[in-house]
Each structure stands twice: as C-alpha cells, then as structure tokens.
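The sequence shown begins at 147 in the numbering used here and counts up by one.
From the three backbone atoms N, C-alpha and C, an ideal C-beta is built for every residue, glycine too.
This structure is a prediction, so every number in the text was calculated from the model and none was measured.
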Amino acid sequence: MATSAAQHPGTQGFSGRRDPDRESAVGLKLFALFAGLALGAMIPIGIWMASSAQNARDDARAAAAKVSAGAPAATAHTGAMHSFTGASPANADALAAAHHAFPATLPAAPAGPVANVNLLLKDVTVQIAPGVKYAAWAWAGGAPGPVIHVRQGQQVKITLTNDGAIPHSVDFHAARIAPDKAFGDVMPGKSVSYTFRANDPGVFMYHCGTKPVLMHIANGMYGAIVVEPAPGVLPKADRQYVLVASEWYLSSDGLKQPAQFDMDKAHARTPDWMTFNGYAGQYVKHPLTAKPGELVRFWVVDAGPSLDTDFHIVGTIINTAYPFGDMNPSDALHGVQTVTVPAGGGGVFDVKIDQPGLYPFVSHAFAAVDQGQVGLLNVGDVAGTMTH
Ligand SMILES: [Cu+2]
Numbered sequence: 147m148a149t150s151a152a153q154h155p156g157t158q159g160f161s162g163r164r165d166p167d168r169e170s171a172v173g174l175k176l177f178a179l180f181a182g183l184a185l186g187a188m189i190p191i192g193i194w195m196a197s198s199a200q201n202a203r204d205d206a207r208a209a210a211a212k213v214s215a216g217a218p219a220a221t222a223h224t225g226a227m228h229s230f231t232g233a234s235p236a237n238a239d240a241l242a243a244a245h246h247a248f249p250a251t252l253p254a255a256p257a258g259p260v261a262n263v264n265l266l267l268k269d270v271t272v273q274i275a276p277g278v279k280y281a282a283w284a285w286a287g288g289a290p291g292p293v294i295h296v297r298q299g300q301q302v303k304i305t306l307t308n309d310g311a312i313p314h315s316v317d318f319h320a321a322r323i324a325p326d327k328a329f330g331d332v333m334p335g336k337s338v339s340y341t342f343r344a345n346d347p348g349v350f351m352y353h354c355g356t357k358p359v360l361m362h363i364a365n366g367m368y369g370a371i372v373v374e375p376a377p378g379v380l381p382k383a384d385r386q387y388v389l390v391a392s393e394w395y396l397s398s399d400g401l402k403q404p405a406q407f408d409m410d411k412a413h414a415r416t417p418d419w420m421t422f423n424g425y426a427g428q429y430v431k432h433p434l435t436a437k438p439g440e441l442v443r444f445w446v447v448d449a450g451p452s453l454d455t456d457f458h459i460v461g462t463i464i465n466t467a468y469p470f471g472d473m474n475p476s477d478a479l480h481g482v483q484t485v486t487v488p489a490g491g492g493g494v495f496d497v498k499i500d501q502p503g504l505y506p507f508v509s510h511a512f513a514a515v516d517q518g519q520v521g522l523l524n525v526g527d528v529a530g531t532m533t534h
C-alpha cells in the first residue's frame with residue numbers, strides 16, 4: 147500500500163533569527179536561574195557573617211559552574227560532546243526551497259477486509275536538514291517510513307523485507323500480538339510476514355525493535371500507522387495530516403560526509419536536530435494548507451527515541467484533542483493549548499481556524515523548535531512566511 151516520499155537535498159534555514167518573545171523568555175529564565183542560585187547561596191553565606199552579598203553572588207556563580215561541570219552524565223564523554231545544531235551550508239535557503247517535503251497528507255485506507263503493507267528496510271543516506279546528510283538505517287523512501295492508513299477492524303498483513311546489512315525487525319504498537327512470534331529479527335536479504343487485526347483505533351508508532359533499539363530508532367527505523375475509528379465516531383475532517391516527530395544524534399555536522407549516530411549524545415538525550423517527518427523545518431518552506439473554517443486533523447506520533455513532543459499550534463487553540471491517541475470521544479479534551487505526545491506514543495488534534503494567516507505548529511519544548519520541530523499551516527493561501 148502506501149509508499150513514502152524520497153528524501154531529497156533541500157531545505158530551510160530557520161535558526162539564528164531573532165525573536166523578541168523568545169529573547170525575553172530567555173531573559174526571564176536567566177533571571178530566575180540567578181535568583182535561585184543567589185538565594186541558595188545566601189543561607190550558608192548568612193551564617194558565614196564575614197562575606198558580603200557580592201561575594202555570595204560570586205560564590206553562587208562559581209558553585210553553579212562547578213555543579214554544571216560536574217553534573218551526572220550519561221557517559222564519561224558528555225562534557226566533550228559538541229552540538230551540531232543549526233549547522234548549515236551557505237546555500238541552505240535554496241536547498242530548503244528545493245527540498246521535496248515528505249507528504250504529510252494522510253493517504254487513503256485500502257478497501258476490503260485486508261490491508262497489505264510491504265515495508266522495505268534499507269541503509270540509505272538521508273537529508274535531515276538543509277545540506278545535512280545522515281547515514282540512516284531506514285526505509286526504501288528514507289525516514290520516517292511510509293504512512294500506513296487502515297480502518298478499525300481491518301486485517302493488517304505486514305511483510306517486512308530486510309535489504310540492510312544487519313538484522314532488523316518491526317514492532318507495530320497497533321498490534322496485540324506475541325512479540326516473540328511477530329517482532330523477531332529478520333536477517334539481511336530475508337522477509338517475514340505477520341498479520342494482526344487493527345481493533346484499536348488511534349495513531350501508533352511502528353519501529354525496528356532490534357537491539358540496541360535506541361540506535362535502530364535513532365537511525366530512522368520508525369513510522370506511523372493510523373487506525374481510523376469506525377465511521378461516525380469522529381467528525382468528518384476536511385484535511386488530515388500525519389506528523390512523525392523524532393530526534394537525531396550526530397557524530398559530525400553532516401555537511402560534507404554523512405553524519406552517523408552518536409551513542410553518547412543519545413544517552414545524554416541531547417539531539418542535534420529534531421524533526422517532523424524527518425527533515426528540520428520542511429513545512430516552514432513548504433507549508434501545510436487549509437481553508438478558513440475547515441476542520442484540520444493532525445495525527446501525531448512521537449518516534450523519539452527519547453524525548454516528548456509538546457504539540458502546539460501558534461495563534462489558535464486545539465478544538466479537540468485525543469491525548470495518547472485515545473479515540474473515545476468521551477475521553478477527548480477541548481480548548482487546550484498544548485498537548486504532550488510521549489516518545490513511543492501518539493495524539494490526535496482537531497483544529498478549526500477561521501482567520502487567514504500563517505499558523506506555526508511546533509513542539510513547545512522550545513529547544514525542539516531551534517532544532518527543527520516547527521512547520522507552518524497556511525490558512526487561506528496567504529502570502530509570505532514566518533518563523534517562530
Ligand atoms: Cu533495525
């Protein structure tokens with residue numbers, strides 16, 4: 147059934163722009179940090195009567211530096227890690243414009259009682275940001291894998307072919323199936339099939355579950371399957387988009403040679419890039435679209451491997467949220483600003499926007515925005531662009 151888009155060179159420079167709101171927020175955070183440090187230092191300083199308040203602040207800063215340098219690290223090398231966030235070539239903007247955005251539109255579900263899903267695993271170099279290459283373990287079309295859409299109650303027949311160099315597997319969160327039977331390793335050059343009935347509606351992650359799973363997921367072996375609830379359960383959507391959030395941990399900047407996976411960064415949970423559908427900021431340059439008043443449904447999966455996505459649409463409020471992909475309408479939330487999508491989980495979000503304009507959708511854990519988890523919804527075909 148569905149096939150995914152190829153990854154192409156391309157995209158977009160969104161970092162390094164000045165944003166007064168962000169800067170004032172940063173200022174407030176710094177103030178709060180220093181206020182807290184100064185307070186913490188004042189207690190011992192108060193006992194130690196000889197010291198002045200100025201000394202206390204100096205001590206606090208020194209203590210903060212020491213704590214920061216000596217903070218427990220995931221690995222012994224954490225202190226030496228170098229971030230490649232924002233690395234871009236001079237022609238990043240042209241590359242962003244030339245990039246073929248991963249198609250976010252939900253494909254149609256196949257007719258009939260059985261959905262046949264063929265997945266091809268491949269070692270492939272992908273682009274994860276303008277000019278940034280990454281040696282991925284992914285799918286025939288790159289990362290994420292193809293968006294799969296089935297209807298609740300359909301049989302889903304998965305056929306996985308491993309065209310990579312090492313064993314892989316595929317774990318479908320939408321399945322109730324013995325994992326030791328279905329999710330086992332597939333040797334290079336081999337295929338495996340299994341079938342499950344998609345009884346549980348929602349949006350689910352699928353991913354390679356071969357050890358080390360952290361590495362297989364971080365290298366691109368993930369995707370989303372939408373299990374559409376029975377007809378009539380959800381209001382009819384005019385547009386439906388699928389976003390797969392993920393993090394990338396790079397061994398180099400990836401500008402000349404493809405970067406590879408960095409386990410130290412992955413253990414420290416300090417990604418270089420964070421993306422929707424595998425490419426930083428691709429929907430800023432190539433916005434998703436809607437007409438004023440349309441019901442737009444976002445099916446969001448956070449593939450992680452380790453960080454949540456805090457889904458938020460700037461300039462509006464989510465009309466109806468189905469947190470964690472619980473599609474029971476009586477469990478839905480209404481009028482909420484930001485909803486967490488956990489690593490390895492999903493969320494479904496309905497919005498209706500009346501006023502034409504450019505509405506950024508982000509992970510409001512804002513480091514994620516600087517690292518690429520940002521796109522635009524263009525309502526009413528307006529001109530221009532914006533960043534956030
Ligand atoms: Cu794998």
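Distance from Val442 to Asp384 at the Cβ level is roughly 7 Å; contact confirmed, criterion being Cβ atoms closer than 8 Å. Restricted to the stretch 341–417, the beta strand (DSSP E) segments that are unbroken, complete and at least 3 residues in length are 348–353, 368–374 and 385–394, listed in chain order. Looking at the DSSP output, Ala281 shares a beta bridge with Thr271. Look at Ala243 here: in three-state DSSP terms it is helix. For Asp516, no beta strand (DSSP E) encloses it; the enclosing alpha helix (DSSP H) starts and ends at Ala513 to Asp516.
When rounded, the separation of the alpha-carbon atoms in Ala324 and Leu241 is 44 Å. Lys431 and Asp326 have their C-alpha atoms some 43 Å from each other. Per DSSP, the unbroken alpha helix (DSSP H) holding Gln428 starts and ends at Gln428 to Lys431.
By the neighbour-count criterion, in which a residue is buried when 16 or more other Cβ atoms sit within 10 angstroms of its Cβ, Ala376 is exposed. In terms of side-chain proximity, the C-beta atom of His314 is found nearer than 7 Å to a non-hydrogen atom of ligand 1. The closest heavy atom of ligand 1 lies 7 Å or more from the beta carbon of Trp445.
Take the alpha-carbon of His413 and the one of Ser397: they are about 13 Å apart. With a cutoff of 8 Å on beta-carbon distance, Gly481 and Ile499 are scored as not near each other.
Taking the Cβ of Met227 as the reference point, every heavy atom of ligand 1 lies at 7 Å or farther away.
Burial of Lys279 is indicated by the presence of at least 16 other C-beta atoms within 10 angstroms of its C-beta.
Straight-line measurement puts the Cα of Ala226 at about 43 Å from the Cα of Val263. For Pro506, the enclosing beta strand (DSSP E) covers residues Gly503 to Ser509.
Relative to ligand 1, Thr307 has its C-beta separated by 7 Å or more from all heavy atoms. In this structure, the C-beta of Trp394 stays at least 7 Å away from each heavy atom of ligand 1.
Counting only the Cα atoms, Phe407 lies some 6 Å from Tyr395. Three or more beta-carbon pairs separated by less than 8 Å are not found between the stretch 414–431 and the stretch 467–481, which leaves the two stretches without contact.
A direct Cα-Cα distance of roughly 16 Å separates Gln298 from Gly492. In this structure, the C-beta of His319 stays at least 7 Å away from each heavy atom of ligand 1. Straight-line measurement puts the Cα of Phe470 at about 29 Å from the Cα of Met532. When C-alpha distances from Tyr352 are compared across Pro235, Ala328, Val272 and Val460, the shortest belongs to Ala328.
DSSP places Gly450 in the strand class (E or B) of the three-state scheme.
Contact between the stretch 297–311 and the stretch 252–263 is present: three or more C-beta pairs spanning the two stretches fall below 8 Å. Taking the CA atoms as reference points, Pro381 sits about 33 Å from Cys354. In this structure, Val447 sits near Val349, with a CB-CB distance shorter than 8 Å. Residue range Pro325 to Ala328 is occupied by the alpha helix (DSSP H) that includes Lys327, with no beta strand (DSSP E) assigned at that position. Put simply, the backbone Cα of Ala238 is about 7 Å away from that of Gly277.
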